[in-house]
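Just below is one structure, and these are the notes that go with it.
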Amino acid sequence: MDDHRLGFKSFDDETDSEQLDVEGALPDWLSGTLYRNGPGRFHVGNSALTHWFDGFSLLRRFEIDSGEIEYSSRFLDTEAYRGARKGELRYPEFGTNPEWGLFDRLKNLMGGSLTDNASITVRHRNGEYRALTETNREIAFDPADLSTLGEREASVGTTGTLAHDHYDFLQEEWVGLGTRLGRRPGYVLYRDPDDGPAEEITEIERDEPAYIHSFALTDHYAIITEHPFSASPRRFLADRPFAESFRWYPERDTTFLVIDRRTGETVTEPGVPPFFTFHHVDAHERGDDLYVDLVAFEDYSIVPALTLANLRSRAPDIPDGELRRYRIDLDTGRAEGRTIFGGGIEFPTTHYAEANLHPYQFCYGVGKEPKSFNDRLHKIDVERGSDDEWQEEEIHPGEPLFVPRPGGEQEDDGVLLSVALDTDEERSCVLVFDATEFEEIARAYLPHVVPFDFHGAFYAEDEEPTPSMS
C-alpha cells in the first residue's frame, strides 16, 4: 500500500558505511559524493515537534565511484540535538517553541538564543564542509565520516542568514542575505569572496521584515522578493512559534527590491499582486530588463500546510506552486509576471554552474497529485513551455540534483540524482536519471527508510568543490 507517511517517521539508526546494490548502470564519468541534509528526528522526549522544518538534522552521504554507491548517515551533533536526546527542547525551532518566559523570548529576539539545528542544506566554504539553516550558526562536519567538527562564525552579524545563498563563479564570491529581527530590523546583503573576509553590501531597514527563504542574483543586481508575510519585532515576544509570528497581509503587494551589488543602492522597488515563494530558480539581465523565475504560491498557506499533522495525514492538503517568470523594467520601475508552468512544482533545480545569473533552458523539480505528497519529477523547458514528467507508482522522489557530464556541450547533458521513498519496498533509494532523455538509468536501495530530505550538493571527484544549487 502506498503510504508516504513512512517518510515522516523519526529515524533512529545511523549508518557508518554500507555498499548499496546498484540496479542498472551508472555512467563511467559519474564520480564524486552526494551530500543530502534534512530532518531525521521529529520528537523531543515524549513530545512531538510541530513542523517539518523542526526536525533535527540528519546528514546523508552517497559516494559514487566506478559504478558503485557507498552510503552513510549521521545526525549532526549540535546543542539542539543533544538537548532532544535528553528530552529538552533547547531552542525555538520553526514551528515549535520551548516553554520560555518573556526574558528568554527577548534574549532570543536580540540574537542570543538561536538554534544550531542546521538541517536545510550543505556548503563548502573556507575549505570546510558545513551544514546550514536559517540562523547564523553554521556547523562544520567531516566529509568522510559526517562527524561534527563544531560551530563556525556566520559571515555577518544578523539574527539569521538564508541557507539559500548564491555563488558567482566569475567573481568567485558568495552573495548572501541576512535578516535582523531585533534592533534595526530589516535585511543585510553581503558578499563573501573566496580570497578575503565577508563584507556588507547594504542594510535595508524594515519595520516589519518578511519571512524570506531565498533570493535572486544577476551579474549586477540582487533581487529580494518581499512578499507580505511579515512580522513586527514585538510579535516575536509573544508566546508563539517563529512561523506563527508572521502574518499574511493580502491587501499588500509583493515587492521586488532590486539592489545594485556593487554600490548597495536600491535601484527600484516594483510591486505586483501578492504571492508567496520559498524558492527562486534563476534570474538574469537582458538590456534594461531583469527576469526573475521562482515558484509562486497564491498566499502563505503552504507554510501551515507543512505541519507534521497535515503531512502525516493519508491525504495531505498541500497547495501547488507554479513556475512563474517576472520581468522587471529598470527604466519604468514596473514588473509583470507570467506563468511558465502551472502544473505544480517545488524544489526547483537547474544546471547551476551554467544557469545561475544567466538565461537557461531547463528546470527540474518535484510535483504531485492533489491530496498527495511528492510523487513525480518534472523537466520543464522554459523556452518552449513544455514539460516532461516521470512517475512510478509508490515512489516519492526528492529534490532532483543535476550533475553535468564533463565536457558536455548542451545544458541538459548529465544526470539527475534524487533520493526517493519506495513505499512498496519500505525503503529509500537513490534514483539516477539521464537528464537529456529524462529516463531512469539506475537505482540503489538503502537498507531502510530515511525521512524525506530538503537540499544538498554534489561534489565531483578531483575537482574543486563548487555549488550545484542555490
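First residue of the sequence shown: 4, per our numbering; consecutive thereafter. Quick reminder that beta carbons are idealized off the backbone N, C-alpha and C, glycines included.
Counted within 10 angstroms of its Cβ, other Cβ atoms place residue i as buried (16 or more) or exposed
i	result
Arg341	exposed
Pro470	buried
Thr352	buried
Thr182	buried
Gly86	buried
His399	buried
Gly370	buried
Ala83	buried
Leu184	buried
Phe249	buried
Lys382	buried
Phe172	exposed
Asp285	buried
Gly153	exposed
Gly401	buried
Ser69	exposed
Ser20	exposed
Asp242	exposed
Asp119	buried
Ser431	buried
Gly160	exposed
Arg88	exposed
Asn139	buried
Ala246	buried
Ser50	exposed
Gly388	exposed
Ser304	exposed
Residues that DSSP places opposite residue i in a beta bridge
i	result
Thr18	Ser76
Leu326	Val298, Phe344
Tyr170	Trp177
Arg430	Asp425
Arg194	Val178, Glu202
Leu314	Beta-bridge pairing links Leu314 to no other residue.
Arg379	Gly370
Ala463	Gly35
Val261	Ile226, Thr271
Leu135	Thr124
Ser389	Asp384
Ala286	Val295
Trp251	Phe232
Ile444	Answer is none; Ile444 lacks a bridge partner.
Phe59	Arg44
Sequence-distant residues of the same chain with beta carbon closer than 8 Å to residue i, five excluded per side
i	result
His223	Asp263, Arg264, Arg265, Glu288
Pro244	Thr53, His54, Pro95, Glu96, Phe97, Gly98, Thr99, Asn100
Asp334	Asp291
Thr310	Thr53, His54, Trp55, Gly98
Asp210	Pro188, Ser235
Asp24	Ala447, Tyr448
Residues of its chain near residue i, where Cβ-Cβ distance is below 7 Å and the 5 sequence neighbours each way are ignored
i	result
Asn481	Since the displayed the chain opens at 4 and closes at 473, residue 481 lies outside it and no answer follows.
Asp16	His451
Ala299	Phe278, Thr280, Gly324, Glu325, Arg327
Arg187	Glu208
Gly48	Gly90
Gly179	Ser158, Thr164, Leu165, Asp168, Tyr193, Asp195
Anticipated Cβ contact below 8 Å, residue i with residue j, distance rounded
i	j	result
Ala213	Ser233	4 Å
Ile204	Arg194	6 Å
His283	Glu349	With a Cβ gap of about 12 Å, His283 and Glu349 do not count as contacting.
Asp256	Val275	6 Å
Phe259	Pro273	5 Å
Val422	Val406	At roughly 14 Å, the Cβ-Cβ gap does not stay under 8 Å, so Val422 and Val406 are not in contact.
Phe11	Pro322	Actually they do not touch by this definition, with Cβ atoms about 18 Å apart.
Pro409	His127	Not really, about 19 Å apart at Cβ, beyond 8 Å.
Pro253	Asp320	With 8 Å as the limit, Pro253 and Asp320 do not qualify as a contact, their Cβ atoms being about 19 Å apart.
Ile215	Ile226	Contact flag wrong, Cβ pair sits at about 11 Å.
Glu137	Arg155	With a Cβ gap of about 16 Å, Glu137 and Arg155 do not count as contacting.
Close Cβ partners of residue i (< 6 Å) along its chain, the five nearest in sequence each way excluded
i	result
Ser13	Arg44, Phe45, His46
Asp415	Phe365, Ala438, Thr439
Arg238	Ser248
Glu26	Arg446
Gly267	Ile204, Thr205
Phe338	It is worth fixing the name first, because residue 338 is Ala in this sequence and not Phe. Within the same chain, Ala338 has close Cβ partners Phe259, Pro273, Val275, Tyr329, Ile331.
Glu464	Ser34, Gly35
Asp296	Val284, Asp285, Arg328
Met472	Thr352, Tyr355
Tyr170	Trp177, Pro470
Tyr132	Phe144, Pro146
C-beta neighbour in chain C for residue i, strict 8 Å
i	result
Val453	In summary, chain C is missing from the structure at hand, where a single protein chain is found.
*asked:* Assess contact between the region 149-158 and the region 75-85, defined as three or more Cβ pairs (one per stretch) separated by less than 8 Å. Is contact present?
replied: Contact annotation: the region 149-158 touches the region 75-85, with at least three C-beta pairs closer than 8 Å.
*Meets three-Cβ-pair contact criterion under 8 Å: the region 423-433 and the region 390-399*: yes
*Is the region 29-36 close to the region 52-59, with three or more CB pairs under 8 Å?*
no
*For the region 314-322 and the region 352-368, state whether three or more C-beta atom pairs, one from each stretch, are separated by less than 8 Å.*
no
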